[in-house]
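Peer 1:
Numbering (our numbering), first residue to last: 17 to 173.
Now the structure itself:
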């Protein structure tokens, strides 16, 4: 495959490779960020006061737990290379609605809350963009991307 240099040890690396980081290193860093969000969401499920202040209201702990599990599963799929394109797509499909529904900073009247929600909104959009790029890379490059367990589910070659 052109454009993907061979690295020491014969491993092919994506997105340059000259910096010594493989796609697995990058995927692990990305998944660590998303998993951190999921763990915080699961932790918030225990704080009823926090849930009452969010748009979904009280009594929806199941929704918080379900989305935390969704983030964990998607992150593990990407990091372990088990249908990594599907894992990235799961994360993308979670992050876009979350940004607009959960972090609607334009609805906040208090400046401090507005600023905090704006940061979370743009963070979710940035992570969604990264997930979309990872989906496209996994789906387009297939097994050429490097060591994966199952390879991609989708093929866009």
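Note that the Cβ used here is the ideal one computed from N, Cα and C, for glycine as well. Source: prediction; values computed, not measured.
1. By DSSP's criteria, residue 48 is part of a beta bridge. Which residues make up the other side?
2. Say whether the segment 114-122 touches the segment 132-142, bearing in mind that this needs 3 or more beta-carbon pairs closer than 8 Å, one atom from each stretch.
3. Our contact map puts residue 90 next to residue 106 with C-beta atoms below 8 Å; I'd like the distance itself, whole angstroms only.
4. Determine the DSSP secondary structure at residue 98, reduced to helix, strand or coil.
5. Under three-state DSSP, which class holds residue 167?
6. Would you identify the three-state DSSP class for residue 89, choosing helix, strand or coil?
7. Hey, would you say residue 147 sits closer than 8 Å to residue 121, going by beta carbons?
8. Can you give me the C-alpha to C-alpha distance between residue 47 and residue 125, rounded to a whole angstrom?
Peer 2: By the coordinates alone:
1. Per DSSP, none; premise fails for residue 48.
2. yes
3. 4 Å
4. DSSP places residue 98 in strand when its eight states are reduced to three.
5. strand
6. helix
7. no
8. 33 Å
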